[in-house]
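>
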Amino acid sequence: MKLIIALYPLFYSLFFPLCGTSSSADDRRWLLSLVDLVELDYVDHCEQRASATWSELTGDSKGLSMKLERDKSFGMFARQQTTDVRSALTAHALAPDDNVLRRKVKLLLQPGDTLLETEQWMRLVTFGDTALNKIRFATNYDCDTNTNCTLRELNYNLARQQDEAKQRRMKASWERNLPNITDYLEHILPLLRNASKQNSYNSVEEYWDALGEYEGGLLKARELWDRIKPLYLKLHKYVALRLRGADA
Ligand SMILES: *[C@@H]1O[C@H](CO)[C@@H](O)[C@H](O)[C@H]1NC(C)=O
Ligand SMILES: *[C@@H]1O[C@H](CO)[C@@H](O)[C@H](O)[C@H]1NC(C)=O
Ligand SMILES: *[C@@H]1O[C@H](CO)[C@@H](O)[C@H](O)[C@H]1NC(C)=O
Numbered sequence: 001m002k003l004i005i006a007l008y009p010l011f012y013s014l015f016f017p018l019c020g021t022s023s024s025a026d027d028r029r030w031l032l033s034l035v036d037l038v039e040l041d042y043v044d045h046c047e048q049r050a051s052a053t054w055s056e057l058t059g060d061s062k063g064l065s066m067k068l069e070r071d072k073s074f075g076m077f078a079r080q081q082t083t084d085v086r087s088a089l090t091a092h093a094l095a096p097d098d099n100v101l102r103r104k105v106k107l108l109l110q111p112g113d114t115l116l117e118t119e120q121w122m123r124l125v126t127f128g129d130t131a132l133n134k135i136r137f138a139t140n141y142d143c144d145t146n147t148n149c150t151l152r153e154l155n156y157n158l159a160r161q162q163d164e165a166k167q168r169r170m171k172a173s174w175e176r177n178l179p180n181i182t183d184y185l186e187h188i189l190p191l192l193r194n195a196s197k198q199n200s201y202n203s204v205e206e207y208w209d210a211l212g213e214y215e216g217g218l219l220k221a222r223e224l225w226d227r228i229k230p231l232y233l234k235l236h237k238y239v240a241l242r243l244r245g246a247d248a
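Letter 94 of the sequence shown, counting from 1, is numbered 94 in my numbering, and no numbers are missing.
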């Protein structure tokens, strides 16, 4: 679809040469066509990423690298299209009652984390994709058998294991395959602040509320959490004590 996007302005100026004085109808038509084309591009990217995700999930040896490559080009596309859409967004392009188009434009201009600078977007997806891939496909889990096992076998065996010392060892083998938490806290989580800024929000909180498209959602979540928290903490303490066993 890239080619079509690039050719479209040319087509437009060849066949509608008299539109120099931009009336609001022309501006709207132009914006609408661009939005349609960008949406088609999104569909293409979605398909590409879905097929890479499928390869990765089904254990294809090239799955992860394909997924990373497609995530990267998706990020670059999402950034680029905001420039195109912004340039088509003139003062007359949106009538006051043009709510559907206005919403589409908003979603295109504030797509979320993909607006990070390319290096930062890549850091984010590389961390996420690689971590998930490792957890899914590691074969060094401890199932308390002679050989190491897969995640599926670990889940199966952990659910049936009665001995707490063995459960703890099995859980530790799972923790060894988790991503580096220090790395996450220092280099990945702070990207959120940049993503909020790129999407024109003042705070991460505002940004997440907007992404959820549920006004006051974060406040509501906090309220619910306050109600659940006492029970959660009790359960957490119980499980932690059981798992820590004698050292608790
Ligand atoms: C199982 O995994 C552990 C931890 O990665 C490793 O040290 C050990 O050599 C593995 N054992 C077998 C039998 O593969
Ligand atoms: C985890 O990441 C930090 C910071 O990136 C690094 O200094 C540390 O060596 C890493 N730890 C492990 C176990 O890889
Ligand atoms: C956020 O963006 C700024 C400006 O591009 C950059 O210097 C900084 O390293 C970014 N933050 C992270 C966590 O990468």
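We put the CB at the ideal spot given by N, CA and C, even for glycine.
If you drop the 5 nearest sequence neighbours on each side, which residues of the same chain put their C-beta closer than 6 Å to that of glutamine 81?
Once the five neighbours on either side are set aside, the close Cβ partners of glutamine 81 are Val38.
> Is the Cβ-Cβ distance between lysine 67 and aspartate 129 less than 9 Å?
Contact: yes.
> Give the straight-line distance between the Cα atoms of glutamine 167 and leucine 158, rounded to the nearest whole angstrom.
Cα-Cα distance, rounded: 6 Å.
> Can you give me the C-alpha to C-alpha distance between proline 9 and lysine 171, rounded to a whole angstrom?
Caution is warranted here: a pLDDT of 48 is assigned to proline 9, below 50, making its placement in the model unreliable, and the coordinate value is therefore given only provisionally. Spanning the two alpha carbons is a distance of roughly 58 Å.
> So what does tyrosine 141 bridge to, in DSSP terms?
Partner(s): Cys149.
> What I want to know is whether the C-beta of aspartate 183 ends up closer than 8 Å to one or more non-hydrogen atoms of ligand 4.
Ligands displayed in this structure: ligand 1, ligand 2 and ligand 3; ligand 4 is not among them.
> So, aspartate 84 versus leucine 116, is the Cβ gap smaller than 9 Å?
Not a contact, by the Cβ cut-off of 9 Å.
> Could you name the residues, in chain order, whose CB is less than 6 Å away from a heavy atom belonging to ligand 1?
Having a Cβ closer than 6 Å to some heavy atom of ligand 1 are Asn140, Thr147 and Asn148.
> Residues around ligand 3, please: the ones whose beta-carbon is closer than 6 Å to some heavy atom of it, in chain order.
This selection yields Glu117, Gln120, Pro190, Leu191 and Asn194.
> What does a CB cutoff of less than 6 Å around isoleucine 188 pick up in its chain, not counting 5 residues either side in sequence?
Only Phe127 meet the Cβ criterion.
> With DSSP as the reference, label leucine 123 as helix, strand or coil.
The amino acid at residue 123 is misidentified as leucine; the sequence shows arginine. Three-state DSSP puts arginine 123 in a helix.
> Provide the residue span of the alpha helix (DSSP H) that contains leucine 109, from first to last.
99-109 is the span of the alpha helix (DSSP H), which, as asked, contains leucine 109.
> So arginine 86 is in the alpha helix (DSSP H); what residue range does that whole segment cover?
Per DSSP, arginine 86 belongs to the alpha helix (DSSP H) from 63-88.
> Quick one: give me the first and last residue of the alpha helix (DSSP H) that isoleucine 228 is part of.
Taken as a continuous stretch (DSSP letters only), the alpha helix (DSSP H) holding isoleucine 228 covers 217-244.
> By Cβ distance below 6 Å, which residues in the same chain neighbour asparagine 140 in space, the five residues on each side in sequence not counted?
Asn148, listed in sequence order.
> Are the stretch 188-205 and the stretch 92-105 touching by the rule of at least three beta carbon pairs closer than 8 Å?
No, they do not touch.
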